[in-house]
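S.K.:
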Amino acid sequence: MGKFVIKNVRPYGEDEVQLLIDGGVIQAIGKDLGLDETDESFEVIDAGGKVLLPGLVDMHVHLREPGREDTETIATGSDAAAKGGFTAVFTMANTSPVIDQPFLADAVWEKGQAYGKCDVYPVGAITQNLEGKQLSEIGLMSQGHVRMFSDDGKCVNDPQVMRRAVEYAKAYDVLLAQHAEDHRMTADAVAHEGETAARLGLGGWPRVAEESVVARDVIMTRDYGGRLHICHASTEGTVELLRWAKGQGINVSAEATPHHLLLTDEKLETYDGVYRVNPPLREQRDTIALRDALLDGTIDVVATDHAPHGSEDKCVEFEHAKPGMLGLETSLPIISQVFVESGLADWRFVAKVMSERPAEILRLADQGRPIAEGEPANLVLVDPGAAWTVEGDKLRSKASNTPYEGTEFATSIALTMLRGEVTYRADETETETTTTSTK
Ligand code: DOR
Ligand code: ZN
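Residue numbers (our numbering): 14 to 452.
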C-alpha cells in the first residue's frame, strides 16, 4: 500500500500544510511534519498550492453494465469517475437486466471493487423491471450492498405503488429516490415546454409534470415517514416545494445536476441531440433558482446523472436523440466555474455539496470525511489554475459526445486517491497551463 507525503497543499483552499498518508489513512497533518525527503519509503507529491478536498461522491450515475457495455462499463465508468475526482458513485438500476434482485446488485458491487478505481454502489429498482407495478426485492437487496432505491429513467407514477414503496423503504431504513415525471404529461415531450420549444416545434415537458410528483411525494413522506430524495430537480417550482417541505420538517433531500445549473434551453437552437436530457434543460429563472437553492441548502447535493449513449443515439437530430449527457469528468470544473470562480461560494461549499452531504445522505462511513488525522485517505487534489478544453475523444468514458465539446474550463483534477491509492493522476500534457493560482 502506498505511502505518500503531499506538501504545499491547501485543504479546502485554505492554508498550506503537509499530509502524511500511510495504510490508506491520513496519519499526520501539519505546517511542517519535519519529514526527511531523502527517505525513499514514501513518495513526495508537491501540490504547489493546489486545493485538497475529500473525494467526491456522486449519488446518480448510469454505468450501463449489465447490458449496454458498448456505451459504458463499470470499469470505464470508474476510470471516468476517478478522473473527475470521485471516490464513490451510485449507479442506477435501469440496466438490462434491471437491478431488481440481490444477485444483480451484488455483481455490480463486486465488479467495482475488483476494478478498484472507485466504490461503485448499486442502486436497486423500486419496482420489478422498472414497470411501476410490483415492488422489487427491497428488503433482500437492502441486506446486501443496496442503500438507495430508484426507478430513475422512469417515475413511480402510481400513487398506491409509491405509497407501498415509501412504507417498505421506511421499514428497511433505505433511501427512496424519485425521478419526478408524470409520464401522462410528457408522452411526446423532448424539450422544456416554453418559448424555445414552441418556436422550434418540439414537444414540451411542462414544469408541472415534475412539480406535481414532488408535491405528492413529499406529502407521502410527511404522512408515511421514511427518507425521500428527489433526483435531478430542475424547476423553480420544485425548489419552492422543497423549501416548503424542509420548513415542515419533512425528511426530503434533493440533487441538482451540473447541466441544469449551467445550461438553458437556448442551447436547443442547433437541434443538436447532445442537449437532449431528462428532465430537459429549462429556463434561466430555473437555473438561478437551482443555484440559490444549492447555496442555501434547499437542494443538498450536486449529482451528475452521467448518462452515456453511443453516437448513433446522440449525434442525431434532436427529436431522435436519446436523453442523457456525460457528467463525471466535467462536474467539478463546472461547479468550480459556477460557484467558486464567480465568487458565489468557496471550496468548503464544494466539499459539502459534492462529498460531505451525499455521503451523509447515503450513510457512507468512509466518504465525505473531514481532512484530518485518522481519517480515510479518500481525497481529490484540484488545480484551479490548470485550464483545459473538453475533447470528447479524450474522455475516459466510453461515450464521447458531450455538450461541453470545445469548452474551456479553468479548473481541473490533478490527482484522485481512494483509500490511499492513486486512482487518477493528471498527465501534465493534458492541461494547457500548469500554473497554480492561489484563488
Ligand atoms: O437524461 C436521462 N438519461 N435521464 C434519465 O432519467 C435517464 C437517463 C438515461 O438512463 O439515459
Ligand atoms: Zn438518471
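Don't be surprised by glycine CBs; every beta carbon is placed ideally from N, CA and C.
1. Look at the alpha carbon of methionine 3 and the alpha carbon of methionine 367, and state the distance between them as a whole number of angstroms.
2. Identify, in the order they occur along the chain, each residue of the same chain with its Cβ nearer than 7 Å to the Cβ of glutamate 206, setting aside the five sequence neighbours on each side.
3. Assuming glutamate 249 contacts arginine 298 (C-beta within less than 8 Å), just tell me the rounded distance between them.
4. Kindly confirm or deny that the stretch 15-31 and the stretch 353-367 touch, where touching means at least three C-beta pairs closer than 8 Å.
5. Whether or not the stretch 408-427 and the stretch 325-340 are in contact is what I'm after, with contact meaning three or more pairs of Cβ atoms, one per stretch, closer than 8 Å; do they touch?
6. Would you mind sorting glutamine 191 into buried or exposed? The rule is 16 or more other CB atoms within 10 Å of its CB.
7. Which residue from Met105, Val133, Tyr134 and Lys130 puts its Cα closest to that of phenylalanine 140?
8. In the DSSP assignment, what are the bridge partners of tyrosine 134?
9. If I follow the unbroken beta strand (DSSP E) through methionine 161, where does it start and stop?
10. Kindly give me the distance between the Cβ atoms of aspartate 92 and arginine 432, rounded to whole angstroms, as I take these residues to be in contact under 8 Å.
11. Can valine 393 and glycine 15 be called in contact, C-beta distance under 8 Å?
12. So the beta strand (DSSP E) leucine 341 belongs to, where does it begin and stop?
13. Mind checking whether histidine 333 and glycine 286 have CB atoms under 8 Å apart?
14. What is the DSSP secondary structure of phenylalanine 55, reduced to helix, strand or coil?
15. Tyrosine 134 and serine 155: beta carbons closer than 8 Å?
16. Rounded to the nearest angstrom, what separates valine 374 and aspartate 195 at their Cα positions?
17. Please write down, chain order preserved, every residue whose beta carbon lies under 5 Å from a heavy atom of the ligand ZN.
18. Give me the Cα-Cα distance between serine 450 and glycine 61, rounded to the nearest whole angstrom.
19. Is the closest heavy atom of the ligand DOR to the C-beta of histidine 75 under 7 Å?
20. So what does DSSP say about threonine 447, is it helix, strand or coil?
21. Can you say whether glutamate 78 is buried or exposed, counting buried as having 16 or more other CB atoms within 10 angstroms of its CB?
22. Comparing the CB of proline 336 with every heavy atom of the ligand DOR, is any distance shorter than 7 Å?
M.R.: Result, derived from the coordinates:
1. Residue 3 lies beyond the residue range present for the chain, which begins at 14 and ends at 452; the question has no answer from this structure.
2. Gly217, Trp218 and Pro219
3. 5 Å
4. yes
5. yes
6. buried
7. Checking the sequence, you will find threonine at residue 140 rather than phenylalanine. Closest by alpha carbon: Met105.
8. Phe103
9. 161-163
10. So it is not a contact: roughly 17 Å between Cβ atoms.
11. no
12. Run containing leucine 341: none; DSSP gives neither H nor E here.
13. yes
14. coil
15. no
16. The identity of residue 374 in the sequence shown is isoleucine, whereas the question assumes valine. Taking the straight line joining both Cα atoms gives about 25 Å.
17. Asp165 and Asp318
18. Caution is warranted here: a pLDDT of 37 is assigned to serine 450, below 50, making its placement in the model unreliable, and no coordinate value can be reported.
19. yes
20. With a pLDDT of 41 at threonine 447, under the threshold of 50, the modelled position of that residue is not reliable, and no figure is offered here.
21. buried
22. yes
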